[in-house]
Amino acid sequence: MFGAMVSFAQSNAEKQVTETVLAVHKAIFVNKDSLALESLFAPQLTYGHSGGKVENRKETIDNVSQNKSTYTNIEAKVLSVNIQGNTAASRYLLTGTETKPDGKSTELKLNILQVWI
Amino acid sequence: MLTMSSLVIGQDTTGLKKATVLLNEALLKKDSSVLMQLLDNNISYGHSNGWIQSKSDVVEDFASGKISYTKLEVSDEKFQIQQQAVAIRNITTVEGVVSGNSFKMSLQVLQVWKRIKVKWVLIARQSVKLI
């Protein structure tokens, strides 16, 4: 009961941002759902990877739908939501295991920044 | 999330480029008063080594000398101007010292700036090491 009260204390806007952040996360790492990304990504989206590669909207969606890695034990925890008027910046921590088609596995621990307008 | 409306009103970016230059100058000079003005109170400031810092973390680390930059050189800068905010990506070549260890590398940097009242503030920042 107390937990429920705490979650209700969170502002509606924060809750909305948190849900949307996790929707993108799921579309990329859980469901590889390019249709969901089509509706969530802004036309001018840029998507930066941890190695410095930056993709545009189309490249990102194409690569998600063609991604042959499998992800296991994936967990996502929203760490912060910063809402400034009609803009929100949120961070979440992604952990889990990525297994490539060749069988090689990598432990993932990524602090991911998403910006919403 | 808002989708783009059919009528896109141009964002007034006066002073934005200057704010980005001031930020790098403040990082080099460890000018905490300028950093206090340019960083949003709720900024999430992510470094390439995985640190995520608050505004006070960033300001204190420069003040204490935990991080010290001797060079910050920006290239290939792209502004993505939206009505609500501006996202800037650039390559920044950095040199300096962190926790006593010197470093020299190229970063892919994302900065998100928002015009709040009359001034530009940095609301989020993330860098990754270019590999």
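Protein chains in written order, with my numbering: chain A, 3 to 119; chain B, 1222 to 1352. Glycine included, each C-beta is placed from N, C-alpha and C at the ideal position.
Here Leu1256/B is buried, its C-beta having at least 16 other C-beta atoms within 10 Å. For a cut-off of 8 Å, the C-beta gap from Lys1276/B to Ile1264/B is around 5 Å, short enough to register as a contact. Counting only Cβ-Cβ distances below 8 Å, Ser1277/B has no contacts in chain A at all, with the closest Cβ about 14 Å away. Look at the beta carbons and you see the region 89 to 100 of chain A not touching the region 47 to 58 of chain A: under three pairs across the two are nearer than 8 Å. Of the residues assessed, Gln116/A falls on the buried side of the cut-off, its CB having 16 or more other CB atoms within 10 angstroms.
Chain A places a beta carbon closer than 8 Å to that of Ala1306/B, counting this residue as a contact.
For Lys1340/B, the nearest beta carbon of chain A is not closer than 8 Å to its own beta carbon.
What Val117/A touches in chain B, judged by beta-carbon distance under 9 Å, is Ala1306, Ala1308, Leu1331, Val1333, Ile1344 and Ala1345, going in chain order. The beta-carbon of Ile1337/B is placed less than 8 Å from the nearest beta-carbon of chain A. With its beta carbon at least 8 Å from every one in chain A, Gly1286/B lies outside the interface. In the three-state DSSP reduction, Lys28/A falls in the helix class (H, G or I).
Think of a sphere of 7 Å around the beta carbon of Gly1321/B: no beta carbon from chain A falls inside it, the nearest being about 24 Å out.
Contact annotation for Lys1239/B against chain A: no contact, minimum CB-CB distance about 20 Å [criterion: below 9 Å]. For Trp1341/B, the pairing in a beta bridge is given by DSSP as Arg1336/B. The residues Val26, Ala29, Ile30, Thr62, Ile63 and Val66, in chain order, have a CB closer than 8 Å to that of Leu39/A in the same chain once the five nearest residues on each side in sequence are set aside.
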